[in-house]
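Engineer: In the working numbering, the protein residues as written are 698 to 1134. Before we start, here is the structure in question, set down as C-alpha cells.
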C-alpha cells in the first residue's frame, strides 16, 4: 500500500516523496485514517516506527489553511530534543501548505519564542514547563486548540510531568480531538488516557519488545573500574564510527566522555545540564561523523532521531528493564539492523536478569577480549599496580588494585610471569597493563 491510498492531499504527498518515502509504516497505515476522520487515537508505538509522520501528516491536512494568531494544534512532548525534531517534521511535511509552526522549550531565552508567537501560529510543539510559563505570561493562548497530541506519554510520566500535564489540560477547550502516543502502557498511562481521550481508536502496531528482537544483543562481563578501557578497545578494534553510549547519570556521562577522549576516541556528552546549543551541536557532530561516541543519559537521549545508528552501548545497565528496550531501540530503526552491547559488572547481573525476563530471552555473554589499561603517562615501578596483566580469575589478593608494591618476582596471572615485567616493553610499559580474561 502506498501513501496515495491514505487520502492525503497532493501537497503532502509531494513532501513525503521529497523525503524519499514511498511505503507507509504500520503505524502510519493504522493511525492516519482515524486522525483524518477526526477520531481520538490511542497508539502504542516505539520510537523509530514513523509515528511522528503518523500524526503530523493528517493534522496538516485537517487544519487546512492558515488560521488566526492562536495555535489550533498543540503537540506536547517531554524533552527539548524531541520538541525540535517534531517541529522539524512539521516543517518538512508542511512545506507546501500554508501553515505556521513554532516550537517552545526551556533551557533557552523566552524572548525569541515570544516574538515568534506574536506573528501567529497554527501548530505549536512544546515541552510542559516552558508552555506553562508562556501561558502564565499570556504570551500564548490555548483557547482555540482543536487537536491535542501527547507524544511519548510514558516518558512524560517518568519525568514527573503529570502535574504540569494536568495544568495544561485545564487550559484546553473541552471540545477537541485527542491523540496519545506511548511506547508502553502501564496502569498509570491508562489512567492518564481515561482523563482526556474519548472513545478512542486503539492502534498497537509494535508488540512489546518487538524492536528489541531486531537488534543483535550481546554482553561482556567486566569489572566496573575497567569498563572504560574495554569500551575504548571495542570502539577502536571494531572500527566503530558511530556509537551511542548510555550512562545512568549526568556526572557519569561527563566523566566517561573525558576518559574516552584521553583514550583517543572522539566523544561528546548530552544530558540535561548541557545548554540547548551544546546539545544540538553534539547531536549534529555525531550525525555528521565528526565525533565517534555520543555519551547520553536516558532522558536526554529520548526522542533522538539518528538514522541507521549501528551501535548502542549500555555502559551502565538501567534500573528499569523497559528503559533497556528504549535504549537499544535507537538502533535497528525503520527496518535497518543494529547491535546493542552491554558492559555488565558483577553488581549488575541481577539487572540483566530482570531485562532478560522482560525480553523473554537470554542475552549472550561474549568472551571478554584482552585490552590495554592506560592509567597515566608516568613510568611505574616494575612492581606497581600499572605493571603486569590482570585477570578476573586470579586470587583477589593478587589483583593489581590489591598489590602492595613489594618484590619483582613472578605472579600476576598464573604462569604469566608479568608482575615483574621490565619498564621498557610488554604490558609493563609506562601507564599500561593488559586485562586478560
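The beta carbon of each residue, even a glycine, is placed where N, CA and C say it ideally should be.
1. Examine the Cβ distances between the region 1010-1022 and the region 954-965 and report whether three or more of them are shorter than 8 Å.
2. Cutting at 6 Å between CB atoms, please list the residues of its own chain near residue 926, excluding the five before and the five after it.
3. Here's the rule I'm using: 16 or more other beta-carbon atoms within 10 Å means buried, otherwise exposed. How should residue 816 be labelled?
4. Please list, in chain order, all residues of the same chain as residue 781 whose beta carbon is under 7 Å from its beta carbon, the five residues on each side excluded.
5. Note down the Cα distance separating residue 1107 from residue 1054, rounded to an integer number of angstroms.
6. Can the beta-carbon of residue 894 be found closer than 8 Å to that of residue 1056?
7. Starting from residue 853, trace the alpha helix (DSSP H) both ways and give me its first and last residue.
8. Could you tell me whether the region 866-877 touches the region 716-724, using the rule of 3 or more Cβ pairs below 8 Å?
9. I need the DSSP call for residue 741, collapsed to helix, strand or coil.
10. Residues in the same chain with beta-carbon distance under 7 Å from residue 896, minus the five sequence neighbours each way, listed in chain order, please.
11. Rounded to whole angstroms, what is the Cα-Cα separation between residue 811 and residue 785?
12. Would you be able to state if there are at least three C-beta pairs under 8 Å between the region 767-774 and the region 835-845?
13. Quick check: the region 914-929 against the region 968-978, are at least 3 beta-carbon pairs closer than 8 Å?
14. Quick one: Cα of residue 964 to Cα of residue 1035, how far?
15. Are the Cβ atoms of residue 845 and residue 821 separated by less than 8 Å?
16. Report the rounded CA-to-CA distance for residue 750 versus residue 848, giving the unit in angstroms.
17. In whole angstroms, what is the alpha-carbon distance linking residue 828 and residue 1046?
18. Under a three-way DSSP split, which group does residue 699 fall into?
19. Roughly how many whole angstroms lie between the Cα atoms of residue 1016 and residue 1048?
20. Quick one, which of 934, 803, 778, 946 has its alpha-carbon nearest residue 979's?
21. Quick check: the Cα distance between residue 1084 and residue 928, rounded to an integer number of angstroms?
22. Where are the alpha helix (DSSP H) runs, 4 residues long or more, that stay fully inside the region 896-982, in chain order?
23. Measuring only the C-alpha atoms, how far is residue 1168 from residue 886?
24. Just verifying my parser: in three-state terms, what is the DSSP assignment at residue 729?
25. With H, G and I counted as helix, E and B as strand and the rest as coil, what does DSSP make of residue 805?
Structural biologist: Based on what the coordinates show:
1. no
2. 1068, 1070
3. exposed
4. 800
5. Below a pLDDT of 50, predicted positions are generally treated as unreliable, and residue 1107, at 40, falls in that range; the measurement from the model is reported next regardless. Cα-Cα distance, rounded: 45 Å.
6. no
7. 850-855
8. no
9. strand
10. 737
11. 19 Å
12. yes
13. no
14. 20 Å
15. no
16. 12 Å
17. 41 Å
18. coil
19. 7 Å
20. 778
21. Because residue 1084 sits at a pLDDT of 32, beneath the cut-off of 50, its placement in the model cannot be relied upon, and the following sentence gives the value as read from the coordinates. Between residue 1084 and residue 928, the C-alpha separation is close to 21 Å.
22. 907-910, 924-934, 947-959
23. This structure cannot speak to residue 1168, because the chain is shown only from 698 to 1134.
24. helix
25. coil
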